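S.K.:
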Amino acid sequence: MFTNWRKKSAEPAVSSDMLSKQRRYNSLVKALHADIFRYAYWLSGDKHVAEDITQETFLRAWKALDSLKDDKAAKAWLITILRRENARRFERKQFDYSDVEQDTLEDNISNSSEDQTDQYLIRRQISRLDIEYREPLLLQLIGGFNGDEIAELMELNRNTVMTRLFRARNQLKVLLEKSEVRGQSNG
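Mind the numbering: the sequence shown is residues 1 to 187 in full-length UniProt numbering, read in order.
(1) In three-state DSSP terms, what is I122?
(2) So, is residue 211 buried or exposed, given that buried needs 16 or more other C-beta atoms within 10 angstroms?
(3) Count the other CB atoms, across all protein chains shown, that sit within 10 Å of the CB of E177; report buried if there are 16 or more and exposed otherwise.
(4) State the CB to CB distance for the pair G147 and R158, rounded to an integer number of angstroms; the pair is presumed to be in contact (CB under 8 Å).
(5) Measuring alpha carbon to alpha carbon, tell me which residue in Q171, V174, R83, S16 is nearest L43.
(6) Would you mind stating whether I131 and Y39 have Cβ atoms separated by less than 8 Å?
(7) In whole angstroms, what separates the C-alpha of I81 from that of R60?
(8) What's the C-alpha gap between V29 and P136?
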(Lines of atoms letter the chains of each structure in order from A and count residues from 1; the text may use other names and numbers.)
(Lines give C-alpha, C1' and ligand atoms only; values in the text may rest on other atoms or scores of the structure.)
Protein backbone atom coordinates (compact mmCIF):
# COMPACT_ATOMS: atom_id res chain seq x y z
CA MET A 1 0.00 0.00 0.00
CA PHE A 2 2.84 2.42 0.81
CA THR A 3 4.48 1.79 -2.61
CA ASN A 4 1.23 2.63 -4.42
CA TRP A 5 0.99 5.97 -2.60
CA ARG A 6 4.57 6.91 -3.60
CA LYS A 7 4.01 5.88 -7.19
CA LYS A 8 0.82 7.94 -7.53
CA SER A 9 2.37 11.07 -6.03
CA ALA A 10 5.42 10.79 -8.33
CA GLU A 11 3.33 10.54 -11.53
CA PRO A 12 1.98 14.13 -11.43
CA ALA A 13 5.50 15.46 -10.79
CA VAL A 14 6.87 13.57 -13.81
CA SER A 15 3.95 14.72 -15.92
CA SER A 16 4.50 18.32 -14.80
CA ASP A 17 8.23 18.11 -15.60
CA MET A 18 7.50 16.74 -19.08
CA LEU A 19 4.95 19.48 -19.72
CA SER A 20 7.45 22.09 -18.60
CA LYS A 21 10.13 20.61 -20.86
CA GLN A 22 7.68 20.50 -23.79
CA ARG A 23 6.74 24.17 -23.30
CA ARG A 24 10.38 25.21 -23.08
CA TYR A 25 11.21 23.23 -26.22
CA ASN A 26 8.24 24.63 -28.14
CA SER A 27 9.29 28.16 -27.21
CA LEU A 28 12.82 27.43 -28.37
CA VAL A 29 11.66 26.04 -31.72
CA LYS A 30 9.22 28.88 -32.29
CA ALA A 31 11.80 31.56 -31.51
CA LEU A 32 14.82 30.11 -33.31
CA HIS A 33 13.68 27.70 -36.02
CA ALA A 34 13.91 30.27 -38.83
CA ASP A 35 17.45 31.33 -37.83
CA ILE A 36 18.64 27.76 -37.48
CA PHE A 37 17.15 26.75 -40.84
CA ARG A 38 18.62 29.82 -42.54
CA TYR A 39 22.07 28.99 -41.23
CA ALA A 40 21.70 25.32 -42.23
CA TYR A 41 20.71 26.43 -45.72
CA TRP A 42 23.77 28.64 -46.00
CA LEU A 43 26.02 25.81 -44.85
CA SER A 44 24.52 23.17 -47.11
CA GLY A 45 23.27 25.17 -50.08
CA ASP A 46 20.38 22.73 -50.40
CA LYS A 47 16.88 23.23 -49.01
CA HIS A 48 16.25 19.54 -48.36
CA VAL A 49 19.59 18.99 -46.65
CA ALA A 50 19.00 22.12 -44.58
CA GLU A 51 15.60 20.78 -43.52
CA ASP A 52 17.19 17.47 -42.49
CA ILE A 53 20.02 19.13 -40.57
CA THR A 54 17.57 21.49 -38.85
CA GLN A 55 15.31 18.61 -37.86
CA GLU A 56 18.23 16.61 -36.50
CA THR A 57 19.47 19.69 -34.64
CA PHE A 58 16.15 20.13 -32.87
CA LEU A 59 15.90 16.40 -32.17
CA ARG A 60 19.27 16.50 -30.45
CA ALA A 61 18.24 19.70 -28.68
CA TRP A 62 15.17 17.94 -27.26
CA LYS A 63 17.29 15.09 -25.97
CA ALA A 64 19.79 17.45 -24.35
CA LEU A 65 17.42 20.24 -23.32
CA ASP A 66 18.22 19.75 -19.63
CA SER A 67 21.85 20.65 -20.36
CA LEU A 68 20.81 24.14 -21.54
CA LYS A 69 21.10 26.11 -18.33
CA ASP A 70 20.72 29.65 -19.72
CA ASP A 71 17.95 30.26 -22.25
CA LYS A 72 19.81 33.38 -23.42
CA ALA A 73 22.51 31.07 -24.77
CA ALA A 74 20.01 28.93 -26.70
CA LYS A 75 20.87 30.30 -30.14
CA ALA A 76 24.59 29.69 -29.73
CA TRP A 77 23.84 26.26 -28.26
CA LEU A 78 21.68 25.32 -31.25
CA ILE A 79 24.24 26.67 -33.74
CA THR A 80 26.87 24.47 -32.10
CA ILE A 81 24.59 21.44 -32.44
CA LEU A 82 23.88 22.40 -36.06
CA ARG A 83 27.57 22.71 -36.92
CA ARG A 84 28.21 19.26 -35.46
CA GLU A 85 25.30 17.80 -37.40
CA ASN A 86 26.64 19.32 -40.58
CA ALA A 87 30.07 17.81 -39.86
CA ARG A 88 28.46 14.40 -39.27
CA ARG A 89 26.91 14.65 -42.71
CA PHE A 90 30.39 14.70 -44.25
CA GLU A 91 31.62 11.87 -42.06
CA ARG A 92 28.92 9.64 -43.52
CA LYS A 93 29.14 10.84 -47.12
CA GLN A 94 31.49 9.34 -49.68
CA PHE A 95 32.45 11.82 -52.38
CA ASP A 96 32.98 10.96 -56.01
CA TYR A 97 35.78 13.14 -57.32
CA SER A 98 36.24 13.88 -60.96
CA ASP A 99 39.09 15.37 -62.95
CA VAL A 100 36.99 18.43 -63.80
CA GLU A 101 37.55 21.47 -61.61
CA GLN A 102 34.25 22.12 -59.84
CA ASP A 103 34.43 25.92 -60.01
CA THR A 104 34.75 25.82 -63.81
CA LEU A 105 31.36 24.14 -64.13
CA GLU A 106 28.51 26.52 -64.85
CA ASP A 107 24.80 26.01 -64.61
CA ASN A 108 23.57 27.10 -68.04
CA ILE A 109 20.22 25.34 -67.71
CA SER A 110 18.62 27.10 -64.75
CA ASN A 111 17.14 30.46 -65.47
CA SER A 112 15.12 31.38 -62.40
CA SER A 113 14.16 34.90 -61.45
CA GLU A 114 16.47 34.61 -58.43
CA ASP A 115 19.44 34.55 -60.83
CA GLN A 116 18.71 38.19 -61.56
CA THR A 117 18.79 39.46 -58.00
CA ASP A 118 21.64 40.94 -56.04
CA GLN A 119 20.87 38.57 -53.20
CA TYR A 120 21.58 35.59 -55.43
CA LEU A 121 24.85 37.13 -56.57
CA ILE A 122 25.98 37.79 -53.00
CA ARG A 123 24.98 34.29 -51.90
CA ARG A 124 26.86 32.79 -54.79
CA GLN A 125 30.00 34.78 -54.06
CA ILE A 126 29.85 33.98 -50.35
CA SER A 127 29.65 30.29 -51.22
CA ARG A 128 32.93 30.66 -53.13
CA LEU A 129 34.81 31.74 -50.00
CA ASP A 130 36.92 29.12 -48.26
CA ILE A 131 34.98 27.54 -45.38
CA GLU A 132 37.38 29.05 -42.84
CA TYR A 133 36.27 32.52 -43.97
CA ARG A 134 32.70 31.73 -44.98
CA GLU A 135 31.60 30.19 -41.70
CA PRO A 136 32.45 33.09 -39.37
CA LEU A 137 30.99 35.54 -41.88
CA LEU A 138 27.72 33.60 -41.99
CA LEU A 139 27.63 33.33 -38.22
CA GLN A 140 27.91 37.12 -38.10
CA LEU A 141 25.54 37.93 -40.97
CA ILE A 142 22.88 35.30 -40.45
CA GLY A 143 23.34 34.33 -36.83
CA GLY A 144 23.89 37.87 -35.60
CA PHE A 145 26.81 36.79 -33.41
CA ASN A 146 29.62 39.12 -32.43
CA GLY A 147 33.33 38.27 -32.61
CA ASP A 148 33.52 36.89 -29.07
CA GLU A 149 30.49 34.66 -29.59
CA ILE A 150 31.82 33.38 -32.92
CA ALA A 151 35.18 32.63 -31.30
CA GLU A 152 33.43 30.61 -28.62
CA LEU A 153 31.23 28.75 -31.12
CA MET A 154 34.13 27.90 -33.40
CA GLU A 155 36.53 27.29 -30.50
CA LEU A 156 38.98 29.84 -31.88
CA ASN A 157 40.85 32.83 -30.54
CA ARG A 158 38.90 36.09 -30.93
CA ASN A 159 41.75 37.68 -32.93
CA THR A 160 41.69 34.74 -35.34
CA VAL A 161 37.96 35.21 -35.84
CA MET A 162 38.32 38.95 -36.41
CA THR A 163 41.10 38.33 -38.95
CA ARG A 164 38.96 35.77 -40.76
CA LEU A 165 36.00 38.16 -40.83
CA PHE A 166 38.22 40.92 -42.21
CA ARG A 167 39.63 38.64 -44.90
CA ALA A 168 36.19 37.24 -45.73
CA ARG A 169 34.81 40.74 -46.32
CA ASN A 170 37.81 41.71 -48.45
CA GLN A 171 37.61 38.52 -50.52
CA LEU A 172 33.87 38.98 -50.93
CA LYS A 173 34.39 42.56 -52.07
CA VAL A 174 36.91 41.41 -54.70
CA LEU A 175 34.60 38.62 -55.90
CA LEU A 176 31.64 41.01 -56.17
CA GLU A 177 33.72 43.58 -58.04
CA LYS A 178 34.91 40.91 -60.49
CA SER A 179 31.36 39.68 -61.09
CA GLU A 180 30.18 43.28 -61.57
CA VAL A 181 32.87 43.87 -64.20
CA ARG A 182 31.90 40.61 -65.92
CA GLY A 183 28.24 41.62 -65.80
CA GLN A 184 28.97 45.01 -67.40
CA SER A 185 31.04 43.43 -70.17
CA ASN A 186 28.20 40.94 -70.87
CA GLY A 187 25.46 43.58 -70.75
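Beta carbons are placed, not taken as given, at the ideal position from N, Cα and C, and that holds for glycine. For clarity, every value in this text was computed on a predicted model and none was experimentally measured.
M.R.: To lay it out plainly:
(1) Counted from its first residue, the sequence shown places residue 122 at position 122. I122 falls in the helix class under three-state DSSP.
(2) This structure leaves residue 211 out entirely; the chain is present only between 1 and 187.
(3) Along the sequence shown, read from residue 1 onward, the residue named residue 177 stands at position 177. Exposed is the call here.
(4) By one-based count along the sequence shown, residue 147 stands at place 147. By one-based count along the sequence shown, residue 158 stands at place 158. Indeed they touch by this definition, with Cβ atoms about 5 Å apart.
(5) Position 43 of the sequence shown holds residue 43. Looking at the Cα atoms, R83 is the closest of the given residues.
(6) If you number the sequence shown from 1, residue 131 lands on position 131. If you number the sequence shown from 1, residue 39 lands on position 39. No; because the gap between Cβ atoms is not below 8 Å, this pair is not in contact.
(7) In the sequence shown, residue 81 corresponds to position 81, counting from 1. In the sequence shown, residue 60 corresponds to position 60, counting from 1. The alpha-carbon atoms of I81 and R60 are separated by roughly 8 Å.
(8) Within the sequence shown, the letter at position 29 stands for residue 29. Within the sequence shown, the letter at position 136 stands for residue 136. Answer to the nearest angstrom: the Cα atoms are 23 Å apart.
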